[in-house]
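If you read the sequence shown in my numbering, its first letter stands for residue 460, the second for the next number, and so on.
Right, one structure below, let's go through it.
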Amino acid sequence: THNRMQVAAVWTAAGSATRAGEGLLSWPRNTTEGAAPLAETLVATAARCSTAEVTAAGVSGDPTEIALVQLGIALALPNAGEGGRKTLFRFDPRLRLMTTIDIDPGSTRVWVNTKGAPEAVLAISTRLAIGPNKTRPLSTENQTELTNIIEGYARSGLRVLAVARRPLELGSPLPAARAEAEQDLCLLGFVALLDPPRPEVAAAIVRAHGAGIRVFVVTGDNGSTAAVITRRVGIGTGPAGSRTITSSALDAMSDAELDEILLSGPELVFARSSPEAKLRIAAALRSIGQVVAMTGDGVNDAPALREADIGVAMGRSGTEVARQAATMVLTDDNFATIIDAVQEGRRVYDNVRKFILYIFTHAVPELAPFLVFALAGGAIPLPLTVMQLLAIDLITDTFPALALSREPAEPGIMERPPRPKAEGVIRPALLARAWGFLGVISAGLVLVGFFVVLHQGGWHLRAATGPGTPLHHLYQQATTVAWLGIVACQVGTAVAARTGRASLRSVGLTTNPLLLGAIAVEIAFAAALTYVPFLNSVFGTAPLAPSQLALVLPYPFIIWGADETRRWIQRRRHSPPEEHLDVTGDNTLERETMKTVHAVSEIEAGH
């Protein structure tokens, strides 16, 4: 979500109101006279029970508390967010409560102010406020009715906070322990807050699912609230669906039962979860062989971030402890950035393999001439000299290989399942493509060019080609053709290596300008080595006739065409089924939520 809360509704036993413009409250026509004052007391209490700071620059702190304080300021409540603070019991994720003891602004009366998860506040409340200065005992029937109201807001995707307070006797000592303060409270009502999903998250979830990634939600929110928000962004919308597990249900599970649920298929929502639950879930997923990325922002999240394979901390709202414990920090606190990082990681991994494919392929045409020479026992002259081999390894190989490391992501990169953890970078399929397919074709073309030039010049088996012999210049031209053949095959391999399965057309010929530049440098060097006299003497090459040069010109297209055909056959055999996806925009979600909030408030008006 945006992690920018705004109050959507306020409920009290005297009446309920919804958010209006500028943060003000809109009351139904049949609202009782005491509803507005009681709601103002509720908002003021919630704002005082916070650590948000009000300065000339605005309000800073926790997003939930910012929303409460801003509403108090909009309602012109006195000293909203301030007060004579006596004691602070910070929010405890296990108790799901926060309590402060403050002096009431404008008087000397001291109040215990508490806010937190509704079920936690209800458990320590004995009375219900029904007017500005009226209360009644909180009965079992009231508890059931209030639970239904909470669920109504939660099913609308709203986060619900309960607010309660009690006065302290004048002159009595302040409670020293938390349990002493958080008891015998009077429930003032509920605040429903809206934190809409980011508009880009739904598309990111689609990409995650396409990449074979399951997304679990571990939250302190109400299960109904979490389930609604997760469905809106696409979590649990697949065939396997989703399942919500409460903290009590999780605590009651054995490790074997948890493992079974994690492997069962549906995406899971763990509601009202504690930091210990987050750690347990991360450890359980890793124990069953899953690769786990876990997000977090608080100090209590640090153990889970450490336990996960990849801890992801929030850069803006996260604590320094969380950032130090994490492997990755999101500078924009955006879930979609995680999926972008997955895509970038896959791109880099692919490019490493493309680099290896390109380098390995040319080991075959470089080795084949020496094997032919050795197996012929000297009857065939060496098709490639040592200096020419060095020119390939040190110069022509280098630039295209480096350019392949900057290759953009190819189509379909986020539609592959995750690779097995034990799988290495160099796989049998890569070696077969490099050595058994592209390398063999390249070696064959190089040797064909070498023998064609020799044959056309009148060479025969065991004929002398050394310096001073009539065939020496012809031999130099033949080695030059062999050397140029390897360079030409390198160009074809560099283009073919750009994709693993996709066609060159889908990638685009000009999408990697660095590779085009590298190929241009390679061709320019090859031309210089062929036609510059000084380089001829150094590398043992000779200028070629047009007919000889024409032999190697088709080589790049033969190499690329052969691999393009191979990839086409592969795509035909493993064509994935099409998916039709529907992603709803964030503004629509917010409008639908607010419509439901108004409906809930109308139903509850007058309670």
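Cβ coordinates follow ideal geometry from the N, Cα and C atoms, glycine included.
All figures in this text were calculated on a predicted structure; none of them were measured in a lab.
Euclidean distance between Cα positions of residue i and residue j
i	j	result
Ala893	Leu816	6 Å
Ser864	Ile747	34 Å
Leu633	Leu644	15 Å
Ser615	Ala686	10 Å
Arg1030	Val674	29 Å
Glu517	Arg586	Per the sequence shown, the amino acid found at residue 517 is Gly instead of Glu. Looking at the two C-alpha atoms, the distance is approximately 35 Å.
Ser475	Ala576	19 Å
Ala785	Gly883	25 Å
Ile735	Asp1022	Note on residue identity: the sequence assigns Glu, not Ile, to residue 735. Distance between the alpha carbons of Glu735 and Asp1022 is about 52 Å.
Arg478	Ser485	6 Å
Ile740	Lys880	20 Å
Leu849	Arg964	34 Å
Thr989	Gln847	11 Å
Leu556	Asp760	18 Å
Under 7 Å between C-beta atoms of residue i and residue j
i	j	result
Glu766	Ala800	no
Gly507	Asp561	Just to set this straight, residue 507 is Arg in the shown sequence, not Gly. In contact: Arg507 and Asp561 (Cβ atoms closer than 7 Å).
Glu628	Ile583	no
Leu617	Ala467	yes
Ala535	Leu483	no
Val650	Val469	yes
Gly898	Thr1024	no
Ala752	Val771	yes
Gly693	Ala715	no
Val954	Trp1019	yes
His932	Ala1001	yes
Glu869	Ala961	yes
Gly774	Val788	yes
Thr844	Gly967	no
Thr754	Ala730	no
Met464	Thr523	yes
Ala902	Val1011	no
Val907	Gln1007	no
Contacts around residue i, its chain only, beta-carbon distance under 7 Å, and the 5 residues preceding and following it disregarded
i	result
Thr689	Val676, Gly695, Ser701 and Val728
Glu610	Ser683
Gly669	Met873 and Glu874
Ile798	Ala663, Arg666 and Ala667
Leu554	Ala579
Glu866	Asn810, Lys813, Arg957 and Asn971
Pro725	Gly695, Ala699, Gly700, Ser701 and Arg702
Ala473	Thr491, Gly493, Ala494, Leu497, Ile589 and Gly590
Gly757	Thr778 and Ala781
Ile885	Ile815
Thr504	Asn572, Val622, Arg624 and Leu647
Glu659	Ala795
His461	Asp654, Pro655 and Arg657
Helix, strand or coil at residue i [DSSP, three-state]
i	result
Trp1019	helix
Ser475	strand
Thr559	strand
Leu930	coil
Asn572	strand
Leu646	strand
Gly517	strand
Gln936	helix
Lys545	strand
Arg745	helix
Ser864	coil
Thr585	strand
Trp918	coil
Lys737	helix
Leu722	coil
Glu641	coil
Glu512	strand
Ala651	strand
Leu501	helix
Leu484	strand
Pro698	coil
Chain-order list of residues whose beta-carbon lies under 8 Å from that of residue i (same chain, five-residue window excluded)
i	result
Phe909	Pro828, Pro842, Ala937, Thr938, Val940, Ala941 and Gly944
Ala711	none
Neighbourhood of residue i by C-beta, 6 Å cutoff - its chain only, sequence neighbours within 5 removed
i	result
Thr558	Phe548, Thr573, Ala640 and Glu641
Val569	Ile562 and Leu627
Arg637	Phe548
Any non-hydrogen atom of the ligand ATP closer than 6 Å to residue i Cβ
i	result
Val905	Of ligands this structure carries none, so the ligand ATP is not represented either.
Report yes or no: do three or more beta-carbon pairs, one from the segment 583-602 and one from the segment 496-514, lie closer than 8 Å?
yes
Are the segment 829-837 and the segment 924-935 in contact at 8 Å, needing three or more beta carbon pairs?
The segment 829-837 makes no contact with the segment 924-935: fewer than 3 CB pairs, one atom from each, lie closer than 8 Å.
Would you call the segment 977-985 and the segment 912-924 in contact, with 3 or more CB pairs under 8 Å?
no
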